[in-house]
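Working notes, structure below.
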Ligand code: NAD
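Numbering (the numbering used here), first residue to last: 1 to 360.
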């Protein structure tokens with residue numbers, strides 16, 4: 001397994017391979033960049049087929065967090081961790097406490113949160129051993145309800161703000177009344193997005209592989225149900241991917257009738273070049289890691305005292321960031337994803353790595 005010459009290495013500051021024979025923990029913590037602050041990123045638990053697969057995933061994800069936090073205006077860098085194991089079989093309190101010990105050894109350079117395969121409960125176990133965990137504090141949401149951890153309501157709100165900005169910019173829409181939106185995936189984020197859009201007067205076309213969610217949207221939001229693979233070709237103004245990655249690819253892009261893509265899913269472009277393809281087809285793409293940053297903004301605020309109005313305002317800044325990206329992409333005749341990457345790099349690559357940060 002190569003490390004420094006790894007295809008995804010991309011100037012990572014630190015990669016820690018963690019092994020605790022007593023609990024059986026095998027994990028990797030990757031810190032991509034701490035120029036703007038400590039690296040925050042979730043702890044994923046997954047039964048990776050090989051150690052190489054785990055390394056590939058953690059490097060790719062941690063780099064992505066650097067870009068996301070930089071454009072979300074957070075004083076944070078990018079990192080991620082993966083525990084190699086089956087979340088349905090291999091969890092134990094000892095495993096998560098051992099993981100927390102390794103996080104402690106990094107002295108606050110890496111802060112963990114929930115991710116695929118881990119839960120708020122797992123993170124609470126880690127929090128008994130380390131302070132460097134977020135996404136577990138009880139806090140009030142926008143409706144005044146107390147909740148713990150779950151960042152998806154703020155993610156959904158951020159996507160709604162970003163979708164509205166995209167429609168204003170590209171479709172000259174002052175409001176969303178009658179806007180036609182196709183939503184792929186009605187999970188934690190997608191369903192809440194659908195609720196916001198319905199309330200704003202948008203007309204919805206929805207799909208999910210779980211029929212109960214689709215039926216609920218039909219009943220509650222007057223949505224039109226479509227089969228999963230038919231969602232791409234609906235005659236709509238906006239396509240909102242809120243389920244899977246890599247859904248914008250050579251097969252799907254020619255099918256799209258939407259003029260705007262604005263959704264929550266991570267890694268929507270199968271390849272960065274698909275951003276150019278969208279531009280070529282006259283479709284405005286709201287870069288995924290910019291529009292779906294509401295969740296990281298939400299958990300990051302836990303570190304400084306959670307005030308839901310402040311968080312809401314911060315999340316609303318996603319609209320301004322997107323506007324800047326769209327305007328710059330137009331003036332530079334470039335894809336929105338390449339402009340977003342450039343803007344993020346301008347923020348976190350402004351100075352060389354400061355060694356004292358690693359020691360703090
Ligand atoms: P979720 O698991 O709650 O919802 C995903 C939904 O997509 C599920 O209802 C699932 O049945 C559906 N789905 C899966 N495959 C599908 C298919 N082929 N066609 C249609 N529907 C399908 O996840 P979520 O928390 O709502 O997140 C949605 C996306 O947003 C994910 O890509 C996630 O990585 C990303 N995201 C989420 C957050 C967050 O705060 N939850 C933050 C940033 C990014």
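No residue lacks a Cβ here, since even glycine has one placed at the ideal position from N, Cα and C. Since this is a predicted model, take the numbers as computed values, not measurements.
For a quick check, are the C-beta atoms of residue i and residue j less than 7 Å apart?
i	j	result
residue 158	residue 261	no
residue 77	residue 131	no
residue 25	residue 98	yes
residue 177	residue 201	yes
residue 247	residue 113	no
residue 165	residue 269	no
residue 62	residue 80	yes
residue 383	residue 311	The structure shown does not extend to residue 383, since the chain is modelled only from 1 to 360, so the question has no answer here.
residue 335	residue 279	yes
residue 344	residue 70	yes
residue 348	residue 35	yes
residue 182	residue 102	no
Rounded to whole angstroms, what's the CA-CA distance from residue i to residue j? Just pull it up for me.
i	j	result
residue 27	residue 18	5 Å
residue 223	residue 205	6 Å
residue 234	residue 197	17 Å
residue 6	residue 180	43 Å
residue 340	residue 22	44 Å
residue 256	residue 167	16 Å
residue 116	residue 307	26 Å
residue 20	residue 171	55 Å
residue 95	residue 127	13 Å
residue 353	residue 329	Caution applies to residue 353, whose pLDDT of 48 falls short of 50 and renders its modelled position unreliable; the value that the coordinates give is listed next. Taking the straight line from one Cα to the other gives about 29 Å.
So what's residue i in DSSP terms, helix, strand or just coil?
i	result
residue 19	strand
residue 228	helix
residue 287	coil
residue 297	helix
residue 184	strand
residue 360	In this predicted model, residue 360 has a pLDDT of only 33, less than 50, meaning its place in the structure is not dependable enough to derive any value.
residue 261	strand
residue 189	helix
residue 339	helix
Among the candidates the options, whose CA atom is the shortest distance from the CA of residue i?
i	options	result
residue 314	154, 121 and 93	154
residue 119	104, 135 and 207	135
residue 74	121, 263 and 303	303
residue 226	237, 211 and 238	211
residue 192	171, 277, 242 and 173	242
residue 267	253, 258 and 288	288
residue 105	49, 29 and 333	29
Within the 7 Å Cβ cut-off, does residue i reach chain B?
i	result
residue 270	The chain inventory of the structure shown lacks chain B, comprising one protein chain alone.
Q.
Quick check on the DSSP output: what are the complete beta strand (DSSP E) runs of length 3 or more inside the stretch 83 to 166, in order along the chain?
A. 110 to 114, 138 to 140 and 146 to 148
**Q.** Length-filtered (3 minimum) beta strand (DSSP E) runs lying within the stretch 5 to 89
**A.** 14 to 20, 25 to 33, 39 to 46 and 77 to 84
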